[in-house]
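Chains as they are written, first to last, in our numbering: chain A, 1 to 112; chain B, 113 to 227.
Where is the CB? At the ideal position from N, CA and C, for every residue including glycine.
Worksheet: one structure, shown below.
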Amino acid sequence: SQKIEQNSEALNIQEGKTATLTCNYTNYSPAYLQWYRQDPGRGPVFLLLIRENEKEKRKERLKVTFDTTLKQSLFHITASQPADSATYLCALDMQRDDKIIFGKGTRLHILP
Amino acid sequence: GAGVSQSPSNKVTEKGKDVELRCDPISGHTALYWYRQSLGQGLEFLIYFQGNSAPDKSGLPSDRFSAERTGGSVSTLTIQRTQQEDSAVYLCASSLDTGRGSGYTFGSGTRLTVV
């Protein structure tokens, strides 16, 4: 069956350290992979998109990797801050039907 | 507008009643999506509009759910004869074309509670 797996347990990281979140998928072949941030009571906010032929993408303190062999994406936040605390969602775009499929997200807590 | 606007922000309705949820996308965005998010669950795709093409309704959970998009702009999601399992946050998003350049822009959602 098709699955998108993100760590369901909350991730606690000390301020200043690098937070790494994982997105694994099964029986999908995404052409693109997106990461979103969601705060309580708000809709998700788009952060980064990476294409299947890209290994890595950076934006300020954010870095995303995409390994189509392992069927995995890693999302890194360097020099983490308490304001980075939120739920982070990965989303797969198979390209064939122009809609994206979301994982359930991982809650991240940056501890001051 | 500056962002995607959804109304109402909260809706409590009695089981069996019909509800209408409204989404006002970003001006110029051709694509509009409806998702719903239940407590502790991921976002579940419902329906997708792209320009003047026929909508992709493949995610609608039952024939009690329908949506329309008038004039390529505002969209309304209608749920008839609401059930308790319809309780969720209904999120609307819009994007330029397919959203592959700049992702989707989401509204803050409508929290629907069926009692």
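**OP:** Find out if the Cβ-Cβ distance for the pair Leu228 of chain B, Lys129 of chain B is shorter than 8 angstroms.
**Re:** Summary: the structure shown does not reach residue 228 of chain B, with chain B confined to residues 113 through 227, and so no result is reported for it.
**OP:** Provide the residue span of the beta strand (DSSP E) that contains Tyr28 of chain A, from first to last.
**Re:** Here Tyr28 of chain A belongs to no beta strand (DSSP E), and DSSP marks it neither H nor E.
Original post:
Taking DSSP as the reference, what is the three-state secondary structure of Gln162 of chain B?
Top reply: strand
Subject >> Pairwise C-alpha distance: Lys104 of chain A and Glu5 of chain A >> reply: 7 angstroms
**OP:** Could you tell me whether the Cβ of Ile133 of chain A comes closer than 8 angstroms to any Cβ of chain B?
**Re:** With chain A covering 1 to 112 only, the question about residue 133 of chain A has no answer from this structure.
**OP:** May I ask you to check if the CB of Pro120 of chain B is nearer than 7 angstroms to at least one heavy atom of the ligand PLP?
**Re:** In the structure shown, the ligand PLP is absent, as is every other ligand, since no ligand is present at all.
Subject >> Partners in chain A for Gln162 of chain B, counting only beta-carbon separations shorter than 8 angstroms >> reply: Asp98
**OP:** For Thr106 of chain A, write down the residues that DSSP places opposite it in a beta bridge.
**Re:** A:Tyr88
**OP:** Please check the pair Phe218 of chain B and Pro44 of chain A, which I expect to be a contact at CB under 8 angstroms, by giving their CB distance rounded to whole angstroms.
**Re:** 5 angstroms
Original post:
Quick one: which chain B residues come within Cβ less than 9 angstroms of Arg107 of chain A?
Top reply: Going along chain B, no residue has its Cβ under 9 angstroms from Arg107 of chain A, so there is no contact; the nearest lies around 11 angstroms.
Original post:
Looking at the C-beta of Pro44 of chain A, does it have a partner C-beta in chain B at a distance below 8 angstroms?
Top reply: yes
**OP:** Determine the burial state of Leu229 of chain B: buried for a count of at least 16 other Cβ atoms within 10 Å of its Cβ, exposed for fewer.
**Re:** As shown, chain B starts at 113 and ends at 227. That puts residue 229 of chain B outside it, with no answer to give.
**OP:** At 7 angstroms on the CB atoms, spell out the chain A contacts of Thr210 of chain B, in chain order.
**Re:** Asp98
Subject >> DSSP beta-bridge partners of Leu172 of chain B >> reply: The partner list for Leu172 of chain B (beta bridge, DSSP) is empty, contrary to what the question assumes.
Subject >> Under 7 angstroms by beta carbon: chain B residues contacting Phe102 of chain A >> reply: Gly154, Leu155
Subject >> chain A contact for Tyr216 of chain B (CB, 8 angstroms cutoff) >> reply: yes
Subject >> Local conformation of Glu132 of chain B per DSSP, three classes >> reply: strand
**OP:** Quick one: using the 10 Å Cβ neighbour count with 16 as the cut-off for buried, is Asp39 of chain A buried or exposed?
**Re:** exposed
**OP:** Output the distance between the C-alpha atoms of Leu189 of chain B and Gly16 of chain A, rounded to the nearest integer angstrom.
**Re:** 43 angstroms
**OP:** Using a Cβ-Cβ cut-off of less than 9 angstroms, list which residues of the segment 193-206 of chain B approach chain A; keep chain order.
**Re:** Val201, Leu203, Cys204, Ala205
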